[in-house]
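Residue numbers are given in numbering that gives the first Met the number 0: position 52 of the sequence shown equals residue 51, and the series is strictly consecutive.
We treat Cβ as the ideally placed atom computed from N, Cα and C, and that holds for glycine.
Since the model is a prediction, treat every value here as computed from it, not as a measurement.
Report on one structure; see the data block that follows.
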Amino acid sequence: MKELITTFYTGLSELDADKMISCYHEDVIFEDPGFGQLKGDRAKAMWRMLCKNARNFKVEFSKIESDDQHGSAHWEAWYTFSKTGRSVHNIIDAKFEFKDGKIIKHTDHFNLHRWASQAIGWKGKLLGGTKFFKKKLTLQTNTLLDKFMASIS
Numbered sequence: 000m001k002e003l004i005t006t007f008y009t010g011l012s013e014l015d016a017d018k019m020i021s022c023y024h025e026d027v028i029f030e031d032p033g034f035g036q037l038k039g040d041r042a043k044a045m046w047r048m049l050c051k052n053a054r055n056f057k058v059e060f061s062k063i064e065s066d067d068q069h070g071s072a073h074w075e076a077w078y079t080f081s082k083t084g085r086s087v088h089n090i091i092d093a094k095f096e097f098k099d100g101k102i103i104k105h106t107d108h109f110n111l112h113r114w115a116s117q118a119i120g121w122k123g124k125l126l127g128g129t130k131f132f133k134k135k136l137t138l139q140t141n142t143l144l145d146k147f148m149a150s151i152s
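Written out as C-alpha cells, the structure reads:
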C-alpha cells in the first residue's frame, strides 16, 4: 500500500488527477477542513478541479507508512491561493483506509487557522479558527465544486 500512496502523491506533484483518482476506490470518502466530507465522484472531481486550477504549485511528501488496512503520510504544499493571490504553505497529515487494493477513505488534517491566515490575510487570522469560518469555507468550496462538476458533465 506504500506504493499506492506514493503513486497518489506523485500524481499530485505532477498535477495528474487521473493518476491520483486511479488510486481511489469507487466508493472513496475524502475529508478535510476545507471541503468537509466528499464521497465518490465528488471526491474525485475535487482533485480534478484542484489540479486544473493550481498556480505556482509544488508538493513534497514523506513519512509514508502502511499495512494492508491503514496508511498515513505527511505532505506539504506550496501554491498561490487564486482568490487572493497570496502564497500558501500548507502542512498536512493524511490518514488512509484501504479496500480491494485501493484507497477507500482519505482524511487530511491541517491547521485551518494557519491556512486561513496565509490564504486570506488579516481576516483569516481573525476568523480562521472559528466554526463560522469553517462552515462558510466549506459552503464556498462545495459551491465551486458543484460549478466545476456541472462544467465537465
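Straight-line spacing of the CA atoms in Arg54 and Trp77 works out to 9 Å. Residue state for Asn55 is assigned as coil, using DSSP reduced to three classes. Judged by beta-carbon spacing, Glu96 lies within the 7 Å limit of His69, meaning their Cβ atoms are closer than that value. Membership of Asp92 in any alpha helix (DSSP H) is not indicated; the residue belongs instead to the beta strand (DSSP E) covering 85–98.
DSSP, reduced to helix, strand and coil, places Leu37 within a strand of the structure shown.
Assigned with DSSP and collapsed to three states, Thr106 falls in strand.
As far as DSSP is concerned, Gly120 takes part in no beta bridge.
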